[in-house]
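Asks:
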Amino acid sequence: MAKKLEVCVDSVESAVIAQKGGADRLEVCANLMIGGTTPGVSQFKQIRKACDIALHVLIRPRFGDFLYTKAEYQMLSEDIEMFRSLGADGVVVGCLCADGTLDLERMKELRERANGIHMTLHRAFDVCKDPYQTLREAVSLGIDTILTSGQADNCHTGRETLKQLIAQAGDQIEILVGSGVNAALIRQLKEEIHAKSFHLSGKRRTESGMAYRNPNVHMGLNGIDEYELFYTDESAVREARQALYGG
9 MAKKLEVCVD SVESAVIAQK GGADRLEVCA NLMIGGTTPG VSQFKQIRKA
59 CDIALHVLIR PRFGDFLYTK AEYQMLSEDI EMFRSLGADG VVVGCLCADG
109 TLDLERMKEL RERANGIHMT LHRAFDVCKD PYQTLREAVS LGIDTILTSG
159 QADNCHTGRE TLKQLIAQAG DQIEILVGSG VNAALIRQLK EEIHAKSFHL
209 SGKRRTESGM AYRNPNVHMG LNGIDEYELF YTDESAVREA RQALYGG
(Lines of atoms letter the chains of each structure in order from A and count residues from 1; the text may use other names and numbers.)
(Lines give C-alpha, C1' and ligand atoms only; values in the text may rest on other atoms or scores of the structure.)
Protein backbone atom coordinates (compact mmCIF):
# COMPACT_ATOMS: atom_id res chain seq x y z
CA MET A 1 0.00 0.00 0.00
CA ALA A 2 1.18 3.50 -0.88
CA LYS A 3 1.52 6.22 1.74
CA LYS A 4 -1.52 8.44 2.14
CA LEU A 5 -2.36 11.55 4.15
CA GLU A 6 -6.09 12.21 4.47
CA VAL A 7 -7.51 15.30 6.16
CA CYS A 8 -11.12 15.53 7.32
CA VAL A 9 -12.75 18.91 6.72
CA ASP A 10 -16.18 20.40 7.37
CA SER A 11 -15.90 23.70 5.52
CA VAL A 12 -14.77 25.05 2.17
CA GLU A 13 -12.15 27.14 3.95
CA SER A 14 -10.64 24.11 5.70
CA ALA A 15 -10.62 22.11 2.47
CA VAL A 16 -8.60 24.76 0.67
CA ILE A 17 -6.19 25.03 3.60
CA ALA A 18 -5.75 21.25 3.80
CA GLN A 19 -4.95 20.95 0.11
CA LYS A 20 -2.46 23.81 0.36
CA GLY A 21 -0.82 22.08 3.35
CA GLY A 22 -0.22 18.93 1.34
CA ALA A 23 -3.14 16.57 1.95
CA ASP A 24 -3.37 13.71 -0.54
CA ARG A 25 -7.14 13.50 -0.19
CA LEU A 26 -9.97 14.95 1.87
CA GLU A 27 -12.82 13.44 3.83
CA VAL A 28 -15.63 15.92 3.37
CA CYS A 29 -18.19 16.09 6.17
CA ALA A 30 -20.25 18.41 8.34
CA ASN A 31 -20.24 18.83 12.12
CA LEU A 32 -16.78 17.54 13.00
CA MET A 33 -17.36 18.59 16.60
CA ILE A 34 -19.82 15.67 16.98
CA GLY A 35 -17.77 13.17 14.98
CA GLY A 36 -18.95 14.21 11.54
CA THR A 37 -22.17 13.88 9.54
CA THR A 38 -23.10 13.97 5.85
CA PRO A 39 -22.15 17.33 4.29
CA GLY A 40 -24.47 19.63 2.40
CA VAL A 41 -24.67 19.48 -1.38
CA SER A 42 -23.62 23.10 -1.87
CA GLN A 43 -20.68 22.60 0.50
CA PHE A 44 -19.49 19.61 -1.51
CA LYS A 45 -19.90 21.40 -4.83
CA GLN A 46 -17.86 24.36 -3.63
CA ILE A 47 -15.11 22.10 -2.33
CA ARG A 48 -15.12 20.09 -5.57
CA LYS A 49 -14.70 23.33 -7.50
CA ALA A 50 -11.96 24.66 -5.19
CA CYS A 51 -9.89 21.46 -4.78
CA ASP A 52 -8.42 19.10 -7.35
CA ILE A 53 -7.41 16.27 -5.00
CA ALA A 54 -9.52 13.20 -4.18
CA LEU A 55 -12.69 13.90 -2.19
CA HIS A 56 -14.24 11.15 -0.06
CA VAL A 57 -17.65 12.05 1.36
CA LEU A 58 -18.78 10.96 4.81
CA ILE A 59 -22.23 9.37 4.61
CA ARG A 60 -23.64 9.50 8.15
CA PRO A 61 -27.15 10.85 8.71
CA ARG A 62 -26.82 11.60 12.42
CA PHE A 63 -24.67 11.63 15.51
CA GLY A 64 -24.54 8.42 17.56
CA ASP A 65 -24.38 4.71 16.87
CA PHE A 66 -24.42 2.89 13.54
CA LEU A 67 -27.60 0.85 13.92
CA TYR A 68 -29.81 2.56 11.37
CA THR A 69 -33.56 2.60 10.87
CA LYS A 70 -35.11 1.84 7.50
CA ALA A 71 -35.48 5.56 6.78
CA GLU A 72 -31.88 6.31 7.80
CA TYR A 73 -30.58 3.49 5.64
CA GLN A 74 -32.53 4.88 2.69
CA MET A 75 -30.76 8.18 3.28
CA LEU A 76 -27.38 6.43 3.22
CA SER A 77 -28.23 4.70 -0.01
CA GLU A 78 -29.56 7.77 -1.80
CA ASP A 79 -26.75 10.03 -0.56
CA ILE A 80 -24.11 7.64 -1.92
CA GLU A 81 -25.67 7.75 -5.36
CA MET A 82 -26.09 11.53 -5.22
CA PHE A 83 -22.51 12.33 -4.21
CA ARG A 84 -21.12 9.87 -6.73
CA SER A 85 -23.09 11.68 -9.43
CA LEU A 86 -21.74 15.01 -8.15
CA GLY A 87 -18.14 13.89 -8.61
CA ALA A 88 -17.10 12.32 -5.32
CA ASP A 89 -14.08 10.05 -5.63
CA GLY A 90 -15.20 7.92 -2.69
CA VAL A 91 -17.64 7.50 0.16
CA VAL A 92 -17.08 6.83 3.86
CA VAL A 93 -19.81 4.76 5.50
CA GLY A 94 -20.61 1.95 7.94
CA CYS A 95 -23.59 -0.04 9.25
CA LEU A 96 -23.66 -2.42 12.20
CA CYS A 97 -26.17 -4.94 13.47
CA ALA A 98 -27.45 -4.77 17.05
CA ASP A 99 -25.09 -7.57 18.09
CA GLY A 100 -22.01 -5.57 17.05
CA THR A 101 -21.35 -7.40 13.80
CA LEU A 102 -21.01 -5.71 10.42
CA ASP A 103 -24.36 -5.46 8.62
CA LEU A 104 -23.24 -7.49 5.63
CA GLU A 105 -26.46 -7.26 3.66
CA ARG A 106 -26.66 -3.49 3.87
CA MET A 107 -22.93 -2.94 3.33
CA LYS A 108 -23.04 -5.12 0.22
CA GLU A 109 -25.91 -3.04 -1.15
CA LEU A 110 -24.07 0.20 -0.36
CA ARG A 111 -20.93 -1.08 -2.06
CA GLU A 112 -23.04 -1.71 -5.15
CA ARG A 113 -24.58 1.75 -4.91
CA ALA A 114 -21.11 3.25 -4.86
CA ASN A 115 -20.70 1.70 -8.30
CA GLY A 116 -16.95 1.38 -8.43
CA ILE A 117 -15.79 4.48 -6.56
CA HIS A 118 -13.64 4.14 -3.44
CA MET A 119 -15.37 2.98 -0.26
CA THR A 120 -14.06 3.44 3.28
CA LEU A 121 -15.54 1.62 6.27
CA HIS A 122 -15.41 4.36 8.90
CA ARG A 123 -15.01 4.11 12.67
CA ALA A 124 -18.13 2.02 13.05
CA PHE A 125 -15.31 -0.51 12.79
CA ASP A 126 -13.97 0.70 16.14
CA VAL A 127 -17.15 -0.24 17.96
CA CYS A 128 -17.74 -3.58 16.24
CA LYS A 129 -17.56 -6.82 18.23
CA ASP A 130 -14.67 -8.53 16.44
CA PRO A 131 -12.35 -6.29 14.39
CA TYR A 132 -10.41 -9.15 12.85
CA GLN A 133 -13.54 -10.87 11.56
CA THR A 134 -14.90 -7.54 10.38
CA LEU A 135 -11.67 -6.89 8.48
CA ARG A 136 -12.09 -10.21 6.66
CA GLU A 137 -15.68 -9.33 5.84
CA ALA A 138 -14.70 -5.88 4.57
CA VAL A 139 -12.20 -7.46 2.20
CA SER A 140 -14.83 -9.91 0.95
CA LEU A 141 -17.22 -7.02 0.23
CA GLY A 142 -14.65 -5.17 -1.85
CA ILE A 143 -14.24 -2.29 0.61
CA ASP A 144 -11.04 -0.38 -0.10
CA THR A 145 -10.15 1.22 3.26
CA ILE A 146 -10.84 0.84 6.97
CA LEU A 147 -10.54 3.99 9.10
CA THR A 148 -9.64 2.93 12.63
CA SER A 149 -7.97 3.90 15.88
CA GLY A 150 -7.50 0.24 16.81
CA GLN A 151 -10.75 0.17 18.80
CA ALA A 152 -9.45 2.75 21.27
CA ASP A 153 -10.13 6.41 21.99
CA ASN A 154 -7.03 7.34 20.03
CA CYS A 155 -4.52 5.65 17.75
CA HIS A 156 -1.68 5.77 20.27
CA THR A 157 -3.68 3.78 22.80
CA GLY A 158 -4.85 1.39 20.09
CA ARG A 159 -1.45 0.92 18.45
CA GLU A 160 -1.03 -2.78 19.34
CA THR A 161 -4.39 -3.64 17.78
CA LEU A 162 -3.52 -1.45 14.81
CA LYS A 163 -0.28 -3.36 14.38
CA GLN A 164 -2.18 -6.65 14.20
CA LEU A 165 -4.76 -5.22 11.81
CA ILE A 166 -2.07 -3.85 9.48
CA ALA A 167 -0.33 -7.23 9.46
CA GLN A 168 -3.60 -9.04 8.76
CA ALA A 169 -4.64 -6.60 6.04
CA GLY A 170 -1.41 -6.83 4.05
CA ASP A 171 -2.13 -5.56 0.55
CA GLN A 172 -5.79 -6.60 0.66
CA ILE A 173 -7.17 -3.41 2.17
CA GLU A 174 -5.85 -0.04 3.36
CA ILE A 175 -5.71 0.51 7.11
CA LEU A 176 -6.14 4.24 7.61
CA VAL A 177 -4.97 5.26 11.09
CA GLY A 178 -7.12 7.94 12.71
CA SER A 179 -7.98 9.69 15.99
CA GLY A 180 -5.38 11.88 17.64
CA VAL A 181 -3.02 11.82 14.66
CA ASN A 182 -0.31 14.47 14.49
CA ALA A 183 3.20 14.71 13.07
CA ALA A 184 4.87 13.16 16.11
CA LEU A 185 2.53 10.16 16.12
CA ILE A 186 3.00 9.65 12.41
CA ARG A 187 6.75 9.39 12.94
CA GLN A 188 6.25 6.96 15.80
CA LEU A 189 3.63 4.72 14.23
CA LYS A 190 5.12 4.45 10.78
CA GLU A 191 8.22 2.95 12.41
CA GLU A 192 6.63 1.07 15.31
CA ILE A 193 3.67 -0.57 13.57
CA HIS A 194 4.54 0.09 9.89
CA ALA A 195 1.49 2.28 9.28
CA LYS A 196 1.44 4.04 5.92
CA SER A 197 -1.91 5.83 5.80
CA PHE A 198 -3.04 8.48 8.26
CA HIS A 199 -6.21 10.54 8.81
CA LEU A 200 -6.28 13.79 10.77
CA SER A 201 -8.25 16.99 11.16
CA GLY A 202 -5.39 19.26 12.26
CA LYS A 203 -7.90 21.73 13.69
CA ARG A 204 -7.11 25.10 15.17
CA ARG A 205 -9.44 27.31 17.18
CA THR A 206 -10.49 30.65 15.73
CA GLU A 207 -12.42 33.37 17.50
CA SER A 208 -15.74 34.34 15.89
CA GLY A 209 -15.95 37.75 14.25
CA MET A 210 -19.19 38.51 16.12
CA ALA A 211 -18.85 41.74 18.09
CA TYR A 212 -22.27 41.51 19.75
CA ARG A 213 -22.82 38.37 21.84
CA ASN A 214 -25.91 37.49 23.87
CA PRO A 215 -24.67 35.63 26.97
CA ASN A 216 -28.18 34.42 27.88
CA VAL A 217 -28.76 32.17 24.86
CA HIS A 218 -26.98 28.89 24.15
CA MET A 219 -27.77 27.37 20.76
CA GLY A 220 -25.87 24.07 20.77
CA LEU A 221 -24.56 21.29 22.95
CA ASN A 222 -23.38 22.09 26.45
CA GLY A 223 -19.67 22.80 26.51
CA ILE A 224 -19.52 24.00 22.90
CA ASP A 225 -18.93 27.73 22.49
CA GLU A 226 -20.83 29.22 19.53
CA TYR A 227 -18.23 31.95 19.27
CA GLU A 228 -15.31 29.57 18.88
CA LEU A 229 -14.77 28.21 15.36
CA PHE A 230 -12.48 25.44 14.14
CA TYR A 231 -10.56 25.38 10.88
CA THR A 232 -7.78 23.21 9.51
CA ASP A 233 -4.31 24.43 10.46
CA GLU A 234 -2.11 24.49 7.36
CA SER A 235 1.07 24.09 9.39
CA ALA A 236 -0.30 20.97 11.13
CA VAL A 237 -1.03 19.37 7.76
CA ARG A 238 2.33 20.40 6.34
CA GLU A 239 4.15 18.97 9.37
CA ALA A 240 2.17 15.75 9.12
CA ARG A 241 3.07 15.41 5.45
CA GLN A 242 6.73 15.98 6.23
CA ALA A 243 6.59 13.34 8.96
CA LEU A 244 5.01 10.81 6.60
CA TYR A 245 7.01 11.46 3.45
CA GLY A 246 10.13 13.23 4.60
CA GLY A 247 11.48 10.99 7.30
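Quick note: the sequence shown uses the numbering used here, first residue 9, plus one each step.
Even glycine gets a Cβ: it sits at the ideal position worked out from N, Cα and C.
1) Secondary structure at Met127, three-state DSSP: helix, strand or coil?
2) What's the call for Glu14, buried or exposed, on a 16-neighbour Cβ count within 10 Å?
3) Which same chain residues end up closer than 6 Å to Leu129 when comparing Cβ atoms and leaving out the 5 residues on each side of it in sequence?
4) Grab the span of the alpha helix (DSSP H) containing Thr142 for me, first residue to last.
5) By the three-class DSSP mapping on this structure, what secondary structure does Ile154 have?
6) So, Gly44 versus Val245, is the Cβ gap smaller than 8 Å?
7) If we call anything under 8 Å between Cβ atoms a contact, is Lys211 one with Thr165?
8) Residues bridged to Ala38 by DSSP?
9) Using only the alpha-carbon positions, how far apart do Lys204 and Thr109 sit?
10) Using the beta-carbon count (16 or more within 10 Å), is Arg68 buried or exposed?
11) Please identify the residue among Asn230, Ser216, Met41, Cys37 whose C-alpha is closest to the C-alpha of Gln54.
12) Going by C-alpha to C-alpha distance, which of Arg144, Ser148, Glu182 sits closest to Thr290?
13) Beta-carbon separation of Leu149 and Lys171 under 8 Å?
14) Just the Cα atoms here: how many angstroms apart are Leu63 and Val225?
15) Let's see if you can read the secondary structure: which residues bound the beta strand (DSSP E) around Gly98?
16) Check this for me: beta carbons of Gly186 and His207, under 8 Å apart or not?
17) Under a three-way DSSP split, which group does Phe74 fall into?
18) Tell me the rounded alpha-carbon separation between Gln82 and Arg121.
19) Assign Val24 to one of three DSSP states: helix, strand, or coil.
20) By the 10 Å Cβ neighbour count, where 16 or more other Cβ atoms means buried, how is Ile232 classified, buried or exposed?
21) I'd like to know whether the C-beta atoms of Gly158 and Leu143 end up nearer to each other than 8 Å.
22) The alpha helix (DSSP H) with Leu173 in it runs from where to where?
23) Tell me which residues share the same chain as Tyr253 and place their Cβ nearer than 7 Å to its Cβ, disregarding the 5 neighbours each side in the sequence.
Replies: In short:
1) strand
2) buried
3) Gly102, Ala146, Ile151, Ile154
4) 139–149
5) strand
6) No. Outside cutoff.
7) No. Outside cutoff.
8) Thr45
9) 27 Å
10) buried
11) Comparing Cα-Cα distances from Gln54 to each of Asn230, Ser216, Met41, Cys37, the minimum goes to Cys37.
12) Nothing about residue 290 can be reported from this structure: the residues present for the chain run from 9 to 255 only.
13) no
14) When rounded, the distance between both Cα atoms is 36 Å.
15) 98–101
16) yes
17) coil
18) 11 Å
19) helix
20) Burial call: exposed.
21) no
22) 167–177
23) Sequence-distant Cβ neighbours of Tyr253 in its own chain, meaning closer than 7 Å and more than five residues away, are Lys11.
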